[in-house]
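Residue numbers (the UniProt record's numbering): 1 to 233. Just so it is clear, CB atoms sit at the ideal spot from N, CA and C, and this is done for glycine as well. Note that the structure is predicted; figures quoted are calculated from it, not measured. Worksheet for the structure shown next.
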Ligand SMILES: NC(=O)c1ccc[n+]([C@@H]2O[C@H](COP(=O)([O-])OP(=O)(O)OC[C@H]3O[C@@H](n4cnc5c(N)ncnc54)[C@H](OP(=O)(O)O)[C@@H]3O)[C@@H](O)[C@H]2O)c1
């Protein structure tokens with residue numbers, strides 16, 4: 001059995017790859033950057049393979065997934081931060097970019113993945129708590145992630161018996177946040193931690209655990225699992 005992770009070269013996707021390797025599964029990871037791919041593969045060691053692919057290119061993605069043997073689970077973990085910003089920061093082009101970087105690659109991944117997944121297999125798509133959590137500075141993220149979340153029940157019906165579920169993380173400490181610098185990153189994390197009953201942000205390993213669990217459950221489909229410390233309550 002192989003688990004393929006589009007967006008498996010960093011953050012939550014990479015944490016999933018490590019967890020599945022610990023459980024003895026073969027993993028195939030995909031992303032655009034060669035540097036990130038090589039570093040992730042070096043960390044995973046034997047039992048892991050991968051290649052560069054941009055999920056915005058459906059024909060390349062289809063060819064890439066066709067080379068994965070015995071594909072039982074497909075995780076789609078692309079598009080971090082797409083659509084972020086306040087209404088003042090996010091004009092038409094910003095929102096369009098959000099859809100281009102998240103909704104369209106997810107759509108391509110679903111369309112290609114369904115052709116290659118085993119009928120007994122499972123697809124897990126990464127969404128975000130922002131689709132389920134009203135916040136004045138998150139309208140674009142809500143639009144982008146809401147588009148994906150609302151597809152899930154229909155996808156589950158369209159793709160059965162393949163199971164399709166969405167995991168919606170809250171703020172999680174992954175590499176894209178490092179771009180803010182230590183001080184600003186801590187301020188953002190404190191801001192979100194204060195709003196969540198569990199009073200902290202998540203770790204990629206905690207989101208990975210939920211992804212592995214929902215992918216393994218053979219009687220769950222069409223669900224949105226929020227893994228956000230209660231942020232969206
Ligand atoms: N971290 C958070 O706070 C948070 C919160 C809510 C939801 N999420 C969701 O969780 C998922 C993972 O986020 P993360 O924080 O783990 O981000 P990350 O560390 O940046 O991981 C994203 C992965 O996707 C790959 N990727 C991005 N666009 C791609 C494309 N077009 N084709 C192929 N690969 C692509 C990236 O590699 P390359 O850039 O090299 O392609 C990387 O491997 C995202 O869907 C995000 O929306 C994250």
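message: Using the three-state DSSP reduction, which class does residue 110 fall into: helix, strand or coil?
response: What you label residue 110 is simply residue 110 of the chain shown in a count that begins at 1. DSSP places residue 110 within a helical segment (H, G or I) once states are collapsed to three.
message: If distances are taken between C-alpha atoms only, which option among 6, 80, 132 comes closest to residue 110?
response: In the chain shown, counting from the first residue as 1, residue 110 sits at position 110. With distances taken between Cα atoms, residue 110 lies closest to 6.
field: Runs of beta strand (DSSP E) lying entirely within the segment 138-183, each at least 3 residues, in chain order
entry: Counting only unbroken stretches of 3 or more residues, the beta strand (DSSP E) elements lying wholly within the segment 138-183 are 163-169, in sequence order.
- request: To the nearest angstrom, report how far apart residue 30 and residue 71 are at their CA atoms.
  value: Sequence index remark: in the chain shown, residue 30 carries index 30 (1-based). Sequence index remark: in the chain shown, residue 71 carries index 71 (1-based). If you draw a straight line from the Cα of residue 30 to the Cα of residue 71, it comes to about 14 Å.
Collapsed DSSP secondary structure at residue 186 in the structure displayed: Along the chain shown, one-based indexing puts residue 186 at 186. In the three-state reduction of the DSSP assignment, residue 186 falls in the helix class.
query: Buried or exposed: which applies to residue 163, given that a residue is buried once 16 or more other Cβ atoms fall within 10 Å of its Cβ?
result: Counting from one through the chain shown, the residue named residue 163 turns up at place 163. Taking every protein chain shown into account, the CB of residue 163 has 16 or more other CB atoms within 10 angstroms, so this residue is buried.
task: Could you tell me which residues DSSP puts in a beta bridge with residue 27?
output: Position 27 of the chain shown, counting from 1, holds the residue named residue 27. Note: residue 27 sits in a beta bridge opposite 3, 48.
Check: residue 64 C-beta below 7 Å from any heavy atom of ligand 1: To locate residue 64, count along the chain shown from 1; it is residue 64. Residue 64: no, Cβ never under 7 Å from ligand 1.
- request: Determine contact between the segment 144-156 and the segment 205-218, defined as no fewer than three beta-carbon pairs at a distance below 8 Å.
  value: Segments in contact, no.
message: Cutting at 6 Å between CB atoms, please list the residues of its own chain near residue 122, excluding the five before and the five after it.
response: Numbered from its first residue, the chain shown carries residue 122 at position 122. 73, 163, 215.
query: On the three-state DSSP scale, how would you describe residue 130?
result: Working through the chain shown from its first residue, we reach residue 130 at position 130. Here residue 130 sits in helix by DSSP.
task: Find the nearest neighbour of residue 35 within the set 75, 8, 120, judged by alpha-carbon distance.
output: Within the chain shown, residue 35 is the residue found at index 35, counting from 1. The option with the nearest alpha carbon to residue 35 is 8.
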